[in-house]
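For the protein sequence lines, the chains are A and B, in the order given.
Here this note's numbering runs 142 ahead of the position in the first sequence, where the first position is 1.
Here this note's numbering runs 8 ahead of the position in the second sequence, where the first position is 1.
Yeah, the Cβ is synthetic: ideal placement off N, Cα and C, and Gly gets one too.
Structure first, commentary second.
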Amino acid sequence: MTDLNSTALTFPSVEWFQALQELVNNDEEFRRLGNIDAVMGVMVGEKVYVITFEAFECTEVREGTEYDLIDADFFLKMTVEQWQDLVTNTRDNNGADLNHTLNTLDLMIDGGISDNATGDQLRADIFFRVNQSLQHFFDSSARLNTVFE
Amino acid sequence: MALDEEQKPADSTEEGDQSQESETAPAVSSEPLAWMNDTLQWGVRVQPGRKGLTMRDLNVGIYGEVPESSSDMSRRPRGAFPVSGIPRTDLYALSARVDLWADNAVDLYEEAIQRRWMGHLEIGWDEITPQPYEFELAMRQFCTELAQQASIETDVIGQWLHKMNYAYHEVKTFLASEIFDTGRHYTTFRNRALHNEGSLGLESAGQFNRRMMETRPGWTEVGMFLYLVRGPLTLLLYRYGEAYARNRADKFLFRKCIEDKARHMAYGMAHVKYAVDNQPPGFGQGLGNLMRGVERDLVQDLRDPVLWEALAIIIGGSVANIAQGMAVVDDLKRQYIEDYLKRMQWAGVNKTEANLSPDLAAFLRREETAPTGD
Numbered sequence: 143m144t145d146l147n148s149t150a151l152t153f154p155s156v157e158w159f160q161a162l163q164e165l166v167n168n169d170e171e172f173r174r175l176g177n178i179d180a181v182m183g184v185m186v187g188e189k190v191y192v193i194t195f196e197a198f199e200c201t202e203v204r205e206g207t208e209y210d211l212i213d214a215d216f217f218l219k220m221t222v223e224q225w226q227d228l229v230t231n232t233r234d235n236n237g238a239d240l241n242h243t244l245n246t247l248d249l250m251i252d253g254g255i256s257d258n259a260t261g262d263q264l265r266a267d268i269f270f271r272v273n274q275s276l277q278h279f280f281d282s283s284a285r286l287n288t289v290f291e
Numbered sequence: 009m010a011l012d013e014e015q016k017p018a019d020s021t022e023e024g025d026q027s028q029e030s031e032t033a034p035a036v037s038s039e040p041l042a043w044m045n046d047t048l049q050w051g052v053r054v055q056p057g058r059k060g061l062t063m064r065d066l067n068v069g070i071y072g073e074v075p076e077s078s079s080d081m082s083r084r085p086r087g088a089f090p091v092s093g094i095p096r097t098d099l100y101a102l103s104a105r106v107d108l109w110a111d112n113a114v115d116l117y118e119e120a121i122q123r124r125w126m127g128h129l130e131i132g133w134d135e136i137t138p139q140p141y142e143f144e145l146a147m148r149q150f151c152t153e154l155a156q157q158a159s160i161e162t163d164v165i166g167q168w169l170h171k172m173n174y175a176y177h178e179v180k181t182f183l184a185s186e187i188f189d190t191g192r193h194y195t196t197f198r199n200r201a202l203h204n205e206g207s208l209g210l211e212s213a214g215q216f217n218r219r220m221m222e223t224r225p226g227w228t229e230v231g232m233f234l235y236l237v238r239g240p241l242t243l244l245l246y247r248y249g250e251a252y253a254r255n256r257a258d259k260f261l262f263r264k265c266i267e268d269k270a271r272h273m274a275y276g277m278a279h280v281k282y283a284v285d286n287q288p289p290g291f292g293q294g295l296g297n298l299m300r301g302v303e304r305d306l307v308q309d310l311r312d313p314v315l316w317e318a319l320a321i322i323i324g325g326s327v328a329n330i331a332q333g334m335a336v337v338d339d340l341k342r343q344y345i346e347d348y349l350k351r352m353q354w355a356g357v358n359k360t361e362a363n364l365s366p367d368l369a370a371f372l373r374r375e376e377t378a379p380t381g382d
């Protein structure tokens, strides 16, 4: 596996999410959590990234636009500062601490962080159906050498 | 000894013996191995996909044909060769696709199997260290009620599962996995309540439990209660359990339950929508009308203080901070009613604030409700 700690990666960037993709695709624990079929949008301020999961892998990471969120099962939206807080907290605690899990943030941050752009509740619920895998995905960022813009 | 008895020739006119004759009929054909030619479709080929060889992969040819209705009262797997003279093994009340189907059941079954977990091994029980006594009591009460909700779900599904025709094995196997999930939830929450020299708390008020158990018109009605009315509440309780957990082990426990519950609701929502779309006009309206009486039970449960006081202590951290916790509980109740309305509307059931029970609507307007939890 690539020694990802040696390379500084900027958050947010396609490279940062690709590094996460590589980590989980080589992580037996991620696979053991079970299949995950989801297209997840990640909105960091104005920037949009589209992350696709199929079967036991993260199959695609790309930069997108707000229009791509229409096709996403759900998207996670926070301000740049809130994302930086999450990523920093995850790094400092080797995984999100008790106050920074995705579900906790979705309940605590006004308006929540997870949504579906078309109001399709069935697809929005995929956030809950694969929540542990998503948590594992973001927790894996503790292994990255992250720098912020 | 049993083998010897089976080898005896049938010499009785009793129905059970006729059954045995029928079942063995192909094997005693004059043509040796004639049964090997008895297939409805031979030569079907499937390649395993990224998830392995799944039920969806195998839904090809006649094996993937899901009938609109079935008069087959045997337990013949769909696509198996029917043998003349096999007696009925059941009288399936749910033999029409519209009564139980959901397009996503086949994939949800695989998701259930592939995302299964083991509470007794995967939860870091040692990480759950003792908390102040009043907090422990509140946690025990919370987990006792969650265990009860899970066991009710097991029983509700169990009393309908055997009424479902085998032509719809996607749904039957998914619901079997759900029973397994709810069994796991029951034991895991019971374990959690008893952890740290704990104890079980009070049973829940249970008006709505009884409603689910005793509803008879059809699985769609029961499914609406289970997945669109109770489901969103259970999901929210799990979500708040995760959010206010004091250790990673409890976080994990609640997160895995969140996954399971959301999957259960995905089937239920899809089924109710399928039924509304495919039953005669007015069916969805009828489901909405049915809720008028049901909402009275719901109000009674929401007013029962035990669960909410326990949750308020967990959220606030102590009895001294219960008012602070109760404000969050009021938010939870408001979220629940909003979620209930949203999911009913998604499924095509006309349920809005305008036709909601006034007592339930009161939960949407927090400032108009009593400050200590109704």
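Here DSSP, grouped into helix, strand and coil, assigns threonine 97 of chain B to coil. Note that the stretch 68-81 of chain B does not touch the stretch 247-260 of chain B; fewer than 3 beta-carbon pairs, one per stretch, sit closer than 8 Å.
Here the C-alpha atom of tryptophan 125 of chain B lies approximately 21 Å from the C-alpha atom of isoleucine 160 of chain B. Arginine 247 of chain B belongs to the set of residues whose beta carbon lies under 7 Å from a beta carbon in chain A. In chain order, Gly183, Val190 and Val192 place their CB closer than 8 Å to the CB of aspartate 210 of chain A, counting only its own chain and leaving out the 5 sequence neighbours on each side. Residue contact check for arginine 271 of chain A against chain B: a CB pair falls below 7 Å. If you draw a 10 Å sphere on the C-beta of valine 156 of chain A, you find fewer than 16 other C-beta atoms in it, and that means exposed.
At a C-beta separation below 8 Å, arginine 263 of chain B has these neighbours in chain A: Thr243, Asn245, Asn273, Gln274 and Gln277.
Ranked by how close their Cα comes to the Cα of cysteine 200 of chain A, the residues A/Asn168, A/Glu208, A/Asp227 and A/Val222 have A/Asn168 in first place. In terms of Cα proximity to glutamate 303 of chain B, the closest of B/Leu368, B/Ala283 and B/Ile131 is B/Leu368. Among the CB atoms of chain A, one or more fall inside 7 Å of the CB of tryptophan 354 of chain B.
Closer than 7 Å to the CB of methionine 277 of chain B there is at least one CB belonging to chain A. Between glycine 290 of chain B and valine 357 of chain B, the beta carbon gap of about 12 Å keeps them out of contact (Cβ cut-off 8 Å).
DSSP places phenylalanine 172 of chain A within a helical segment (H, G or I) once states are collapsed to three. According to the DSSP assignment, arginine 300 of chain B belongs to no beta strand (DSSP E) but to the alpha helix (DSSP H) extending over 291-311.
At a cut-off of 7 Å between C-beta atoms, asparagine 258 of chain A does not count as an interface residue with respect to chain B. Only exposed fits asparagine 45 of chain B, as fewer than 16 other CB atoms lie within 10 angstroms of its CB. Taking 7 Å as the cut-off, the beta carbon of cysteine 265 of chain B is found no closer than this to the beta carbon of histidine 203 of chain B.
Rounded to whole angstroms, the Cβ separation of asparagine 297 of chain B and valine 106 of chain B is 19 Å, and the two are not in contact under 8 Å. Proximity of glutamine 122 of chain B to chain A, defined by a Cβ-Cβ separation below 7 Å, is satisfied.
Shown here, alanine 284 of chain A sits in a helix according to DSSP, grouped into three states. Taking 9 Å as the cut-off between beta carbons, none of the residues of the stretch 304-324 of chain B comes near chain A. Taking 7 Å as the CB threshold, arginine 271 of chain B lines the interface with chain A.
CA-CA distance, asparagine 363 of chain B to aspartate 305 of chain B, rounds to 16 Å. If you check each beta-carbon in the stretch 36-63 of chain B against every beta-carbon of chain A, the ones closer than 8 Å belong to Gly57, Arg58 and Lys59. Between the beta-carbon of leucine 108 of chain B and that of tryptophan 227 of chain B there is about 5 Å, and that keeps the pair under the 8 Å contact cut. Neighbours of alanine 197 of chain A in chain B, taken as residues whose beta carbon is under 8 Å from its own, are Gly57, Arg58 and Lys59 in chain order. Here leucine 261 of chain B is not near leucine 340 of chain B, since their CB atoms are 7 Å or more apart. With distances taken between CA atoms, leucine 48 of chain B lies nearest to B/Val91 out of B/Gly276, B/Arg351 and B/Val91. If one requires a minimum length of 3 residues, no beta strand (DSSP E) run lies completely within the stretch 334-375 of chain B. Short of 6 Å from the beta carbon of asparagine 236 of chain A, and not among the five residues preceding or following it, lie these beta carbons of its own chain, in chain order: Ala284.
At a cut-off of 7 Å between beta-carbon atoms, leucine 228 of chain A makes no contact with chain B. Restricted to the stretch 197-225 of chain A, the beta strand (DSSP E) segments that are unbroken, complete and at least 3 residues in length are 199-206 and 216-220, listed in chain order. Taking 8 Å as the upper bound on Cβ-Cβ separation, chain A lies near residues Lys350, Arg351 and Trp354 of the stretch 324-358 of chain B. Where leucine 151 of chain A is concerned, the enclosing beta strand (DSSP E) starts and stops at 150-153. Here the alpha carbon of phenylalanine 159 of chain A sits roughly 44 Å from the alpha carbon of glutamate 229 of chain B.
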